[in-house]
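>
Numbering (this note's numbering), first residue to last: 30 to 216.
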């Protein structure tokens, strides 16, 4: 294929300055977005994984950075999370990576104004729900075809849980449920 430089050189040679300028602006915008996404991914590496209190604080920081970087409002709800909620490192790692993929998808596809993350637990299960109010998508059309979705499902299973996606015109919800009896989440 042709390189970007070769295409731009040809446009400039032909005197098509407006088209070259617009292409450069699109490239600049795409590069800035890619750098921002990478920055958000790197921030997930700072999330403490050895205890759930540190995990919750790390998620708070990650969402704050996401909101600052992209202007998309975020909310973290931990009201249904018990005070004593030990978490194995593998579970924190998998949940962190799933959250990162969800935030990346919000940026790339959803055109959302708000992202809400809920961490909850009951007598049987630990749950993380990531919801956005953006453009939904046909989940069945991507089943087995999206490496991001398949990777999130694999990550949920690695933590002993399951991942469910519900999407429609009002947004998308990604839910990870990790039952205690099958889980690798409690020490």
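Glycine included, each C-beta is placed from N, C-alpha and C at the ideal position.
#1: Can you list, in chain order, the residues of its chain with a C-beta nearer than 8 Å to that of residue 167? Leave out the 5 residues immediately preceding and following it.
#2: In whole angstroms, give me the CA-to-CA distance for residue 104 and residue 42.
#3: Kindly indicate which residue of 179, 152, 175, 126 has the alpha-carbon position closest to the one of residue 159.
#4: How many Å lie between residue 149 and residue 155 at the Cα?
#5: How many Å lie between residue 48 and residue 99 at the Cα?
#6: Roughly how far, in whole angstroms, is the beta-carbon of residue 161 from the beta-carbon of residue 139, given that I think they are within contact range, below 8 Å?
#7: Are there three or more Cβ pairs, one per stretch, closer than 8 Å when the stretch 120 to 136 is compared with the stretch 172 to 186?
#8: Give the DSSP-derived three-state secondary structure of residue 53 in the structure shown.
#9: In terms of residue numbering, what span does the alpha helix (DSSP H) encompassing residue 122 cover?
#10: Just checking my contact of residue 134 with residue 102 at CB under 8 Å: how many whole Å lie between their CB atoms?
#11: By the 10 Å Cβ neighbour count, where 16 or more other Cβ atoms means buried, how is residue 174 classified, buried or exposed?
#12: Please state whether DSSP places residue 145 in a helix, a strand or coil.
#13: Terminal residues of the continuous alpha helix (DSSP H) containing residue 38?
#14: Rounded to a whole number of angstroms, what is the C-alpha to C-alpha distance between residue 182 and residue 157?
#15: Quick one: Cα of residue 172 to Cα of residue 193, how far?
Concretely, from the data shown:
#1: 196
#2: Roughly 51 Å between the two C-alpha positions.
#3: 126
#4: 6 Å
#5: 28 Å
#6: Yes, they are in contact, since the Cβ atoms of residue 161 and residue 139 sit about 5 Å apart, within 8 Å.
#7: yes
#8: Reduced to three states, the DSSP call for residue 53 is helix.
#9: 118 to 134
#10: No, residue 134 and residue 102 are not in contact; Cβ-Cβ is about 17 Å, not under 8 Å.
#11: exposed
#12: strand
#13: 33 to 42
#14: 13 Å
#15: 11 Å
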